[in-house]
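J.:
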Amino acid sequence: MSTPLPLGRPDIRQSDIDQVVEVLRSGWITTGQVAAEFERSFADRVGAAGAVALCSGTAGMHAVLASLDLQPGDEIITQSLTWVSTANVATRLGARVIFVDVDRETLLLHPQDVEPLLSPRTKAIIPVHFAGAPADLNPLREIASRHNVSLIEDAAHAAGTAYAEKPIGAGGTCVFSFHPLKNLTTGEGGMVCSDDPDLLAQVRRFKFHGLGHDAYDRETQRRTAMAEVIEPGLKFNLPDMNAALGLAALPRLDDNNHARELLAERYLERLSEIPGIYPLGRPDYSHQHAWSLFAIRIDDDIHGMTRSAFMDLLKNEGIGTGVHFYPVHMHQWYRRHYADVSLPNTEWNGERLCSLPLYPTMSIADVDRVADVISHVVAGTVA
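Just so we're aligned: the sequence shown equals residues 2 to 384 in this note's numbering.
Now the structure itself:
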C-alpha cells in the first residue's frame, strides 16, 4: 500500500521548532512577550484594531459570549452545521440556541433566513465562515445593527479568508481557531479580533481569572503583585510555547493558502468527472477562499453507499477522511432539548458530508491518488 494520506497535517518546520525551543530555554514559557507579539502580528495581518490570544477558539467564543451577560431565556442565532462548541458555550451560559438552516450547496447561512428568527430576546447572530468561505457579512451587519444585536463571526476556518476584498478580522468581532487542522496552528489556540476596545479589554480580563493584570504585566510593567479580580473570569490564556508556533508560521500563511487553493482546484477538476460526488459550492459574492477544508457530499441514491461505507473503503486504501460536521441539533443532548427543530438542508448535508485530505505539503499527485481511489470506490472496483 502507498504511504497513508492523513486528513490533515500541520506544516511544522525546523525554524518553528527552533522558536519553540528558544521559548523553552528562556525561562518564561507561559503567557508573555511571545504571545503579545503574536497578538500584534496577527492583528496586523488581518487588519484588526486589536486581538487577544487564548488557548482555543472555543475559549475565545466563551469569552466573547460571556461579555454579553446572557440571562436565562436569552437567545443566540447560529447554524447547526458546525462544530458543537458555540452551542455548548451558549447553553452553559444560560442562553437558548436558535438554529438557522444553511444553503444546501455552500453550507453558509442566508441573511434573509436570519431576520425572521430574531426576537426581543436575541443577543447575538453568529455566522460561520464554513471551510474557508465567508458568510455574506454586509447584509448580516445591517440586520444586526438595525436590531441592535451583536454580530460575532465564527472564523475558525477563516485565517486568510476575505470578504468583499477585506480580510476576515478587519472589522467587527471574529473568533479564530488555531487547531492543528487549521490553516494556521499553535498546536491548540485561538484569537479574538475586534474593533471594540472595551470588548477586547473584557476578553483579556476574562481569559486570566478576571484579574486586572496578568503575571507578565506585573513582571514587565512593575504592577503591584496583588492584582485584583475586576470580574469573575476563567483561565484561557495561550502560553508562549504555543504562540511561538503561530508566530513562526504566520509569514507563510498566504503561501500555504495558495498551495491549498491549487490543490482544491485540482480536486474540483478531477471530481467533476465522478458522478454522485458533489463538492461544496462557492459563494457568488466577492471573496477569497482559504480552503480550510475540502468537503464533498456522497449521493447514496446514485451509489447505494452510506457515508460510513465510503469512508471505510477510502481508509482501506490509506486515505484519511473526516466528517465536518454532524449537525449540532442531531447530537444526543440536543435531540432531547431541540426535538422540534427541522433543518432540511442541514440534515441532508449532515448525512452525506465527507472531508478529504487537504494540507499545504500535499502534492497534485496526492490529489490525483485520492480522486483515483474515489473513482474506483464508487465504481465498485475496490474491495
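Positions of the beta carbon are idealized from the N, C-alpha and C atoms, including for glycine.
Let me know if residue 11 comes out buried or exposed under the rule of 16 or more other beta-carbons within 10 Å of its beta-carbon.
T.: Residue mapping note: residue 11 aligns to position 10 of the sequence shown, counting from 1. Result: buried.
J.: Would you tell me roughly how many angstroms separate the C-alpha atoms of residue 8 and residue 38, rounded to the nearest one?
T.: As a first step, residue 8 must be located in the sequence shown, where it is residue number 7. As a first step, residue 38 must be located in the sequence shown, where it is residue number 37. Roughly 31 Å between the two C-alpha positions.
J.: By DSSP, does residue 268 sit in helix, in strand, or in coil?
T.: For the purposes of this step, residue 268 is identified with residue 267 of the sequence shown, where counting begins at 1. The answer is helix: DSSP assigns residue 268 an H, G or I state.
J.: In three-state terms, what does DSSP make of residue 238?
T.: To locate residue 238, count along the sequence shown from 1; it is residue 237. Residue state, collapsed to three classes: strand.
J.: Where residue 219 and residue 34 are concerned, what is the direct C-alpha to C-alpha distance, given to the nearest angstrom?
T.: On the sequence shown, residue 219 is found 218 positions in, with the first residue counted as 1. On the sequence shown, residue 34 is found 33 positions in, with the first residue counted as 1. Caution applies to residue 219, whose pLDDT of 47 falls short of 50 and renders its modelled position unreliable; the model cannot decide the point.
J.: For residue 143, does the three-state DSSP call read helix, strand or coil?
T.: To locate residue 143, count along the sequence shown from 1; it is residue 142. Helix.
J.: What's the gap between the Cα of residue 66 and the Cα of residue 366?
T.: As a working mapping, residue 66 is identified with position 65 in the sequence shown. As a working mapping, residue 366 is identified with position 365 in the sequence shown. For residue 66 and residue 366, the distance between alpha carbons rounds to 44 Å.
J.: According to DSSP, is residue 335 helix, strand or coil?
T.: Along the sequence shown, read from residue 1 onward, the residue named residue 335 stands at position 334. Reduced to three states, the DSSP call for residue 335 is helix.
J.: Which of the three DSSP states, helix, strand or coil, is assigned to residue 288?
T.: The sequence position of residue 288 within the sequence shown is 287, counting from 1. In the structure shown, residue 288 sits in a strand (DSSP, three-state: E or B).
J.: Starting from residue 316, trace the alpha helix (DSSP H) in both directions and tell me its first and last residue.
T.: On the sequence shown, residue 316 is found 315 positions in, with the first residue counted as 1. Taken as a continuous stretch (DSSP letters only), the alpha helix (DSSP H) holding residue 316 covers 308-317.
J.: My understanding is that residue 40 touches residue 53, with C-beta atoms under 8 Å, so please give their C-beta distance in whole angstroms.
T.: Stepping through the sequence shown from its first residue, residue 40 is reached at position 39. Stepping through the sequence shown from its first residue, residue 53 is reached at position 52. Contact flag correct, Cβ pair sits at about 6 Å.
J.: If we count the other Cβ atoms within 10 Å of its Cβ and call it buried at 16 or more, is residue 14 buried or exposed?
T.: Here the question's residue 14 lines up with position 13 in the sequence shown. Exposed, since its Cβ has fewer than 16 Cβ neighbours within 10 Å.
J.: In angstroms with no decimal places, state the Cα-to-Cα distance between residue 382 and residue 246.
T.: Taking the first residue of the sequence shown as position 1, residue 382 is located at position 381. Taking the first residue of the sequence shown as position 1, residue 246 is located at position 245. Each residue's alpha carbon lies about 43 Å from the other.
J.: Give me, in chain order, the residues of the same chain whose beta-carbon lies closer than 8 Å to that of residue 272; leave out the 5 immediate sequence neighbours on both sides.
T.: The residue you call residue 272 lines up with position 271 of the sequence shown. 278, 280, 297, 372, 375.
J.: By DSSP, does residue 33 sit in helix, in strand, or in coil?
T.: Residue numbering aside, residue 33 sits at position 32 when the sequence shown is read from its first letter. Residue state, collapsed to three classes: coil.
J.: How many Å lie between residue 173 and residue 49 at the Cα?
T.: Translated into positions along the sequence shown, residue 173 becomes position 172. Translated into positions along the sequence shown, residue 49 becomes position 48. C-alpha separation (whole angstroms): 9 Å.
J.: Taking 8 Å as the cut-off, does the region 175-189 touch the region 107-121 (at least 3 CB pairs, one atom from each stretch)?
T.: No, the region 107-121 does not touch the region 175-189.
J.: Under a Cβ-count criterion, where at least 16 other Cβ atoms within 10 Å of its own Cβ denotes burial, should residue 25 be classed as buried or exposed?
T.: For this step, residue 25 is matched to residue 24 along the sequence shown. Label assigned to residue 25: exposed.
J.: In angstroms, rounded to a whole number, what distance separates the CA positions of residue 107 and residue 282?
T.: On the sequence shown, residue 107 is found 106 positions in, with the first residue counted as 1. On the sequence shown, residue 282 is found 281 positions in, with the first residue counted as 1. Taking the straight line from one Cα to the other gives about 5 Å.
J.: Which residue's Cα is closest to the Cα of residue 199: 170, 306, 68?
T.: The residue given as residue 199 occupies position 198 in the sequence shown. Per the Cα distances, 68.
J.: Since residue 356 is in the alpha helix (DSSP H), which residue starts that stretch and which ends it?
T.: Here residue 356 is taken as the residue at index 355 of the sequence shown, counted from 1. Unbroken run through residue 356 is the beta strand (DSSP E), 354-357; no alpha helix (DSSP H).
J.: Identify whether residue 219 lies in helix, strand or coil by the three-state DSSP scheme.
T.: As a first step, residue 219 is located in the sequence shown; it is residue number 218 there, counting from the start. Here residue 219 scores only 47 on pLDDT, less than 50, and its place in the model is too uncertain to base an answer on.
J.: Specify, as a first and last residue, the run of the alpha helix (DSSP H) that residue 347 falls within.
T.: In the sequence shown, counting from the first residue as 1, residue 347 sits at position 346. Residue 347 -> alpha helix (DSSP H) spans 345-351.
J.: State the Cα-Cα distance for the pair residue 362 and residue 260, rounded to the nearest angstrom.
T.: Stepping through the sequence shown from its first residue, residue 362 is reached at position 361. Stepping through the sequence shown from its first residue, residue 260 is reached at position 259. Going by the C-alpha atoms only, they are around 8 Å apart.
J.: Which ranges would you report for the beta strand (DSSP E) in the region 88-112 if only whole runs of at least 3 residues count?
T.: Whole beta strand (DSSP E) segments, 3+ residues: 97-101.
J.: Can you give the Cα-Cα distance for residue 368 and residue 206, rounded to whole angstroms?
T.: In the sequence shown, the residue the question calls residue 368 occupies position 367. In the sequence shown, the residue the question calls residue 206 occupies position 205. Residue 368 and residue 206: Cα-Cα distance of roughly 45 Å.
J.: Looking at the structure shown, is residue 72 part of a helix, part of a strand, or coil, going by DSSP?
T.: Walking along the sequence shown from the start, residue 72 turns up at place 71. If DSSP states are grouped into helix, strand and coil, residue 72 belongs with coil.
J.: Within 8 Å, do at least three Cβ pairs link the region 54-62 to the region 95-111?
T.: Not touching, per the Cβ criterion.
J.: Nearest-angstrom Cα distance between residue 318 and residue 262?
T.: Residue 318 sits at position 317 when you count from the first residue of the sequence shown. Residue 262 sits at position 261 when you count from the first residue of the sequence shown. Approximately 25 Å between the Cα atoms of the pair.
J.: Span of the alpha helix (DSSP H) holding residue 18?
T.: Within the sequence shown, numbered from 1, the residue matching residue 18 stands at position 17. First-last of the alpha helix (DSSP H) with residue 18: 15-27.
J.: Under the assumption that residue 291 contacts residue 160 (Cβ atoms under 8 Å), give the Cβ distance between them as a whole number of angstroms.
T.: The residue you call residue 291 lines up with position 290 of the sequence shown. The residue you call residue 160 lines up with position 159 of the sequence shown. Yes, they are in contact, since the Cβ atoms of residue 291 and residue 160 sit about 6 Å apart, within 8 Å.
J.: According to DSSP, simplified to helix, strand and coil, what is residue 202?
T.: Position 201 of the sequence shown, counting from 1, holds the residue named residue 202. In this structure, residue 202 counts as helix in the three-state DSSP scheme.
J.: Would you kindly work out how many angstroms separate the C-alpha atoms of residue 234 and residue 328, rounded to a whole number?
T.: Here residue 234 corresponds to residue number 233 of the sequence shown, with the count starting at 1. Here residue 328 corresponds to residue number 327 of the sequence shown, with the count starting at 1. Those two C-alpha atoms are separated by around 30 Å.
J.: How many Å lie between residue 344 and residue 101 at the Cα?
T.: Residue numbering aside, residue 344 sits at position 343 when the sequence shown is read from its first letter. Residue numbering aside, residue 101 sits at position 100 when the sequence shown is read from its first letter. Cα to Cα, the separation comes out at about 7 Å.
J.: Helix, strand or coil: how does DSSP classify residue 274 here?
T.: Taking the sequence shown and counting its residues from 1, one reaches residue 274 at position 273. Coil, per DSSP.
J.: Could you check whether the Cβ of residue 265 sits closer than 8 Å to any Cβ belonging to chain C?
T.: Looking at the structure shown, chain C is missing, and only one protein chain is on hand.
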